[in-house]
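Number 51 in full-length UniProt numbering belongs to position 51 of the sequence shown; there are no gaps in the numbering. Note that CB positions come from ideal geometry on N, CA and C, so glycine has one too. Accompanying notes for the structure given below.
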Amino acid sequence: MDVDKVLQAEDCKYEQSIIQEYLKRVRDVTWNKVFLQGVQPPASTGGSTSETLIGLGPPKTQEGDVIAILYGCSVPVILRPMRDASSPQGYDFIGEAYIYGKMDGEAMFQSYLEMDFILL
Numbered sequence: 001m002d003v004d005k006v007l008q009a010e011d012c013k014y015e016q017s018i019i020q021e022y023l024k025r026v027r028d029v030t031w032n033k034v035f036l037q038g039v040q041p042p043a044s045t046g047g048s049t050s051e052t053l054i055g056l057g058p059p060k061t062q063e064g065d066v067i068a069i070l071y072g073c074s075v076p077v078i079l080r081p082m083r084d085a086s087s088p089q090g091y092d093f094i095g096e097a098y099i100y101g102k103m104d105g106e107a108m109f110q111s112y113l114e115m116d117f118i119l120l
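Put into structure tokens, the structure is as follows:
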């Protein structure tokens, strides 16, 4: 949905300000973000099935990137594995993400796989 186009439409100019305020907030939250879908492996969920993760991330997000929750970060982040044969496995920080069900510390109350990351 093109929120700016809806806000500029003639029939929206006279709508209640609460609707306009809501649409402006939607625009601000989703601006410059892409929809993403990932899979949390079964080993980290403690079960035999994987969990599908959905959310919003930076526009540079690509298939193969990793959704991670780093200690000290207030939100999940997107990391890209660096595939350089001459150096140990490292990760490039792509940006912050919103992942449904993994915000506000929710992930810490579920089974999870703890890993070390080297950010390059």
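Does DSSP put residue i in a helix, a strand or coil?
{"i": "residue 126", "result": "In the structure displayed, the chain extends from 1 to 120; residue 126 sits before or after that span and is not available."}
{"i": "Val75", "result": "coil"}
{"i": "Gln20", "result": "helix"}
{"i": "Arg83", "result": "coil"}
{"i": "Asp92", "result": "strand"}
Using the C-alpha atoms, what's the distance from residue j back to residue i?
{"i": "Gln62", "j": "Glu51", "result": "19 Å"}
{"i": "Leu23", "j": "Leu56", "result": "17 Å"}
{"i": "Gln37", "j": "Leu53", "result": "6 Å"}
{"i": "Gly105", "j": "Cys73", "result": "10 Å"}
{"i": "Pro59", "j": "Glu114", "result": "27 Å"}
Let me confirm a value: residue i is counted as buried when at least 16 other C-beta atoms fall within 10 Å, else exposed. Which label applies?
{"i": "Asp4", "result": "exposed"}
{"i": "Leu119", "result": "exposed"}
{"i": "Asp28", "result": "exposed"}
{"i": "Ile18", "result": "exposed"}
{"i": "Val77", "result": "buried"}
{"i": "Gln89", "result": "exposed"}
I think residue i touches residue j, with their Cβ atoms under 8 Å apart; what is that distance to the nearest whole Å?
{"i": "Tyr91", "j": "Val66", "result": "7 Å"}
{"i": "Ile94", "j": "Arg80", "result": "5 Å"}
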